[in-house]
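Chemist: If you scroll down you'll find the structure; I have some questions about it.
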Amino acid sequence: MPALDSRVVAQGEAFAANRAALAVQLERLRALEARTRDKSAASAPLFAKRGQLLPRERLGALLDPGAPFLELATLAGYCVDHPDPERSVPGAGLLGGIGFVSGVRCMVVADDSGIDAGAVQPMGIEKFQRLQQVALAQKLPFIHLVECAGANLLDYKVETFIHGGSGFYWLARLSAAGLPVISVVHGSSTAGGAYMPGLSDYVVMVRERAKAFLAGPPLLKAATGEIASEEELGGAEMHAAVSGLAEYLAEDDADALRITRELVASLGWNAALPATSAGAAYAPPRYDADELLGIAPCDQRKPLDMREVIARIVDDSAFLEFKPAYGAATVTGHAAICGMAVGILTNNGPLDPAGATKAAHFIQLCCQSGTPLLFLQNTTGFMVGKAYEQAGMIKHGSKMIQALANANVPRITVHCGASFGAGNYGMSGRGFMPDFCFSWPNARTAVMGAEQAATTMAIVMEGSMRRKGKEVDQEAIAAMRARVVQTFERQTDAFFTSGRLLDDGVIDPRDTRKVLACVLAVCDEARRRALHPVQFGVARP
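Residue 317 in numbering that gives the first Met the number 0 sits at position 318 of the sequence shown, with consecutive numbering throughout.
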């Protein structure tokens, strides 16, 4: 397979400017993630007084030491919980990602009870359900470290209550699919949250700390007049000895996590997993991934040669390009990442009829060979204009979308630059449900660019004034243009879109190869694993 030749001038002014701009964005990303960690860690004295581990300490004790852990959606809820970026605490009150427990690849979720006692945060339900859906699609055991104060009744929203029920739906689907669901109850699991252990296949509860009840003492007294203690209603010892909700009674957090690791090890989860052909010997890229910071522009009006990106993430920088002379602005071809074959689709310009046709052809060929698809988004959308409409842009774009929507191989998307208009759809944006979707900090997503949107609305507004016989008010048009630009610029930002779970996380471009290797391995294992589904989720006696 031929290797790509890089033309990047690492000492150039443009390279230095790109690197400096992206470094600022990466510093912003790390600062936001640190804000969440610090907010949770501030509860350390209270947790120590209660003899508890902090949520991140629980996660660390559960996961295999030194094994990779891919944390997902770290910015979920950013600027949704509070509109002021300086006061927003991202993460949506949950820690979640894919890691190894006793050698088994699992989806692990921990309530971040160091923040507001684990109360449900804005976007928390959406994040939890996204993690459940990934676990189901990728055939991962689901482990939940539970300590949740429930919904904040002072900020009650009926839609949160209604949509929250889907979390229980997905728990039942996971169990019925043959995927173990394990709850480790470290603290409170109240009201609807009580169904988390109730719908789990295995439950570990911590003595004197874990509580699970449909109605706590205050609500019970208000509803029926009955007076009962928390332990009588839903303590760990009661559930282990009387109700049968808990299979395992732990002495403290560390003991609960030890039991969980032993439980996962006892499942023999990997025993029947067929051997993989992935992971064969491979050479690293010939070019330094650090150079990606200087290659990717933060200004979407500046070109980004995606072959330079490919050269820094694929094995030996080798790329067998498919139909390079046809629809040349659309780049397609075969490569490998850490020994795992991929079909790559990306853009060095808008999608035109030839490019869309080529992409549809290539997607179908990858489905024929069982090759996962990697979409590196960098497009201003589909071409418009009389010539392109007459050439069949609509039907050729639709052909590409048909192939994409019905592809039967894993699809992974990385937003590397612009993602505008229907190009977001055609290149496997979130709406087309890729297996995983990540963004670089410089990525921008919108129906169109801010200036194009403002100009479009200015033309419409001016035309409306003329049709009504009014004098064109240039000041009003200018004010409207400014509002549109501001609205679009704010919402196109990768941090804004990630805060609304429109991807699975913002990543450092230098980590792209590692992240892709991780999720490709997850997808590969899922396709090789045979489950033993049952008609219904496992019911408790």
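Cβ coordinates follow ideal geometry from the N, Cα and C atoms, glycine included.
Predicted model only: the values in this text are computed from it and were never measured.
Please specify which runs of the alpha helix (DSSP H), each continuous and at least 4 residues long, are wholly inside the segment 148 to 180, giving them in chain order.
Modeler: 157 to 175
Chemist: If you reduce the DSSP assignment to three classes, tell me which class R35 lands in.
Modeler: Translated into positions along the sequence shown, residue 35 becomes position 36. Strictly speaking, residue 35 in this sequence is Thr, with Arg absent from that position. Of the three classes helix, strand and coil, the one that applies to T35 here is helix, per DSSP.
Chemist: Compute the Euclidean distance between the alpha carbons of R172 and G191, then round it to the nearest angstrom.
Modeler: As a working note, residue 172 is residue 173 in the sequence shown. As a working note, residue 191 is residue 192 in the sequence shown. So the alpha carbons of these two residues sit roughly 17 Å apart.
Chemist: Can you check DSSP and say which residues form a bridge with V107?
Modeler: As a working note, residue 107 is residue 108 in the sequence shown. G96, I142.
Chemist: Under 6 Å Cβ to Cβ from I506, same chain only, skipping five residues before and after it: list those, please.
Modeler: Stepping through the sequence shown from its first residue, residue 506 is reached at position 507. Cβ neighbours of I506 beyond the five flanking positions: F437, V514.
Chemist: How many Å lie between R512 and L71 at the Cα?
Modeler: On the sequence shown, position 513 is the one that residue 512 refers to. On the sequence shown, position 72 is the one that residue 71 refers to. In a straight line, the C-alpha of R512 is about 16 Å away from that of L71.
Chemist: What is the rounded straight-line gap between the Cα of A222 and the Cα of S228?
Modeler: As a first step, residue 222 must be located in the sequence shown, where it is residue number 223. As a first step, residue 228 must be located in the sequence shown, where it is residue number 229. Straight-line Cα distance between these residues: approximately 15 Å.
Chemist: For the alpha helix (DSSP H) that V521 lies in, which residues bound it at each end?
Modeler: Looking up residue 521 in the sequence shown gives position 522. It spans 511 to 527 - the alpha helix (DSSP H) in which V521 sits, taken as one unbroken run.
Chemist: In the DSSP assignment, find the alpha helix (DSSP H) that holds Y194 and state where it starts and stops.
Modeler: Locating residue 194 in the sequence shown gives position 195, counting from the first residue. From DSSP, the alpha helix (DSSP H) with Y194 extends over 194 to 197.
Chemist: Do you know how far the Cα of Q24 is from the Cα of S188?
Modeler: Locating residue 188 in the sequence shown gives position 189, counting from the first residue. Locating residue 24 in the sequence shown gives position 25, counting from the first residue. Straight-line Cα distance between these residues: approximately 38 Å.
Chemist: Just reading off the beta strand (DSSP E) that T378 is part of, what are its end residues?
Modeler: One-based indexing of the sequence shown puts residue 378 at position 379. Unbroken beta strand (DSSP E) run through T378: 372 to 378.
Chemist: Residues in its own chain within less than 7 Å of L375 by CB, not counting five upstream and five downstream?
Modeler: Locating residue 375 in the sequence shown gives position 376, where the first residue counts as 1. Only M305, V308, I343, T345, V413, C415 meet the Cβ criterion.
Chemist: Just to check my reading of the structure: V203 and A255 have Cβ atoms closer than 8 Å, yes? What is that Cβ distance to the nearest angstrom?
Modeler: Start at 1 with the first residue of the sequence shown, and residue 203 comes out as number 204. Start at 1 with the first residue of the sequence shown, and residue 255 comes out as number 256. Confirmed, Cβ separation roughly 5 Å.
Chemist: Is it buried or exposed for P44, if we count other Cβ within 10 angstroms and need 16 for buried?
Modeler: Locating residue 44 in the sequence shown gives position 45, where the first residue counts as 1. By the 10 Å Cβ count, P44 comes out exposed.
Chemist: Are there any heavy atoms of the ligand MG lying less than 6 Å away from the beta-carbon of I97, as far as the coordinates show?
Modeler: The model depicted lacks the ligand MG and carries no ligand whatsoever.
Chemist: By a C-beta neighbour count over all protein chains shown, 10 Å radius and 16 as the cutoff for buried, is K385 buried or exposed?
Modeler: If you number the sequence shown from 1, residue 385 lands on position 386. By the 10 Å Cβ count, K385 comes out exposed.
Chemist: If you draw a straight line from the alpha carbon of P296 to that of G428, how long is it in whole angstroms?
Modeler: For this step, residue 296 is matched to residue 297 along the sequence shown. For this step, residue 428 is matched to residue 429 along the sequence shown. P296 and G428: Cα-Cα distance of roughly 20 Å.
Chemist: Identify which residue in T454, T491, F495 has its Cα closest to the Cα of R480.
Modeler: Position 481 of the sequence shown, counting from 1, holds the residue named residue 480. If you compare the alpha carbons of T454, T491, F495 with that of R480, the shortest gap goes to T454.
Chemist: Going by CA-CA distance only, name the one from L266, R6, D83 that's closest to R489.
Modeler: To locate residue 489, count along the sequence shown from 1; it is residue 490. Measuring from the Cα of R489, the nearest candidate turns out to be D83.
Chemist: Would F381 be called buried (16 or more neighbouring beta carbons within 10 Å of its own) or exposed?
Modeler: As a working note, residue 381 is residue 382 in the sequence shown. The residue is buried, with at least 16 neighbouring Cβ atoms inside 10 Å.
Chemist: Using alpha carbons as the reference points, say which of T370, E32, R260, A253 lies closest to Y201.
Modeler: Start at 1 with the first residue of the sequence shown, and residue 201 comes out as number 202. The candidate whose alpha carbon is nearest that of Y201 is R260.
Chemist: For a quick check, are the C-beta atoms of A442 and A493 less than 7 Å apart?
Modeler: For the purposes of this step, residue 442 is taken as residue 443 along the sequence shown, with counting starting at 1. For the purposes of this step, residue 493 is taken as residue 494 along the sequence shown, with counting starting at 1. Contact: yes.
Chemist: Is M432 buried or exposed, if buried means 16 or more other CB atoms sit within 10 Å of its CB?
Modeler: Residue numbering aside, residue 432 sits at position 433 when the sequence shown is read from its first letter. With fewer than 16 Cβ atoms within 10 Å of its Cβ, M432 is classed as exposed.
Chemist: Candidates P89, D115, E290: which alpha carbon is nearest N17's?
Modeler: Within the sequence shown, numbered from 1, the residue matching residue 17 stands at position 18. That would be E290, whose Cα lies nearest to the Cα of N17.
Chemist: Between which residues of its own chain and G536 is the CB-CB distance below 6 Å, once the five residues before and five after are set aside?
Modeler: Position 537 of the sequence shown, counting from 1, holds the residue named residue 536. Cβ within range, chain order: A171, S174, A175.
Chemist: Is it buried or exposed, A277, if we count other Cβ atoms within 10 angstroms and call 16 or more buried?
Modeler: As a first step, residue 277 must be located in the sequence shown, where it is residue number 278. Here A277 scores only 49 on pLDDT, less than 50, and its place in the model should not be relied on; the value that follows carries that caveat. Counting Cβ neighbours within 10 Å, A277 comes out buried, since at least 16 surround it.
Chemist: Quick one: Cα of M426 to Cα of G177, how far?
Modeler: Here the question's residue 426 lines up with position 427 in the sequence shown. Here the question's residue 177 lines up with position 178 in the sequence shown. Answer to the nearest angstrom: the Cα atoms are 32 Å apart.
Chemist: Whether or not the segment 85 to 105 and the segment 150 to 168 are in contact is what I'm after, with contact meaning three or more pairs of Cβ atoms, one per stretch, closer than 8 Å; do they touch?
Modeler: no
Chemist: For H360, does the three-state DSSP call read helix, strand or coil?
Modeler: On the sequence shown, position 361 is the one that residue 360 refers to. Helix, per DSSP.
Chemist: Looking only at DSSP bridge pairs, what is K467 linked to?
Modeler: Numbered from 1 along the sequence shown, position 468 holds the residue referred to as residue 467. Partner(s): none; K467 has no beta bridge.
Chemist: Classify Y424 as helix, strand or coil using the three-state DSSP reduction.
Modeler: Here residue 424 corresponds to residue number 425 of the sequence shown, with the count starting at 1. Secondary structure at Y424: helix, using DSSP grouped into helix, strand and coil.
Chemist: Looking only at DSSP bridge pairs, what is S188 linked to?
Modeler: Taking the first residue of the sequence shown as 1, we reach residue 188 at position 189. In the DSSP output, where bridge partners are listed per residue, S188 has C147, A211.
Chemist: Measuring only the C-alpha atoms, how far is K357 from N151?
Modeler: Residue mapping note: residue 357 aligns to position 358 of the sequence shown, counting from 1. Residue mapping note: residue 151 aligns to position 152 of the sequence shown, counting from 1. Going from the Cα of K357 to the Cα of N151 covers about 51 Å.
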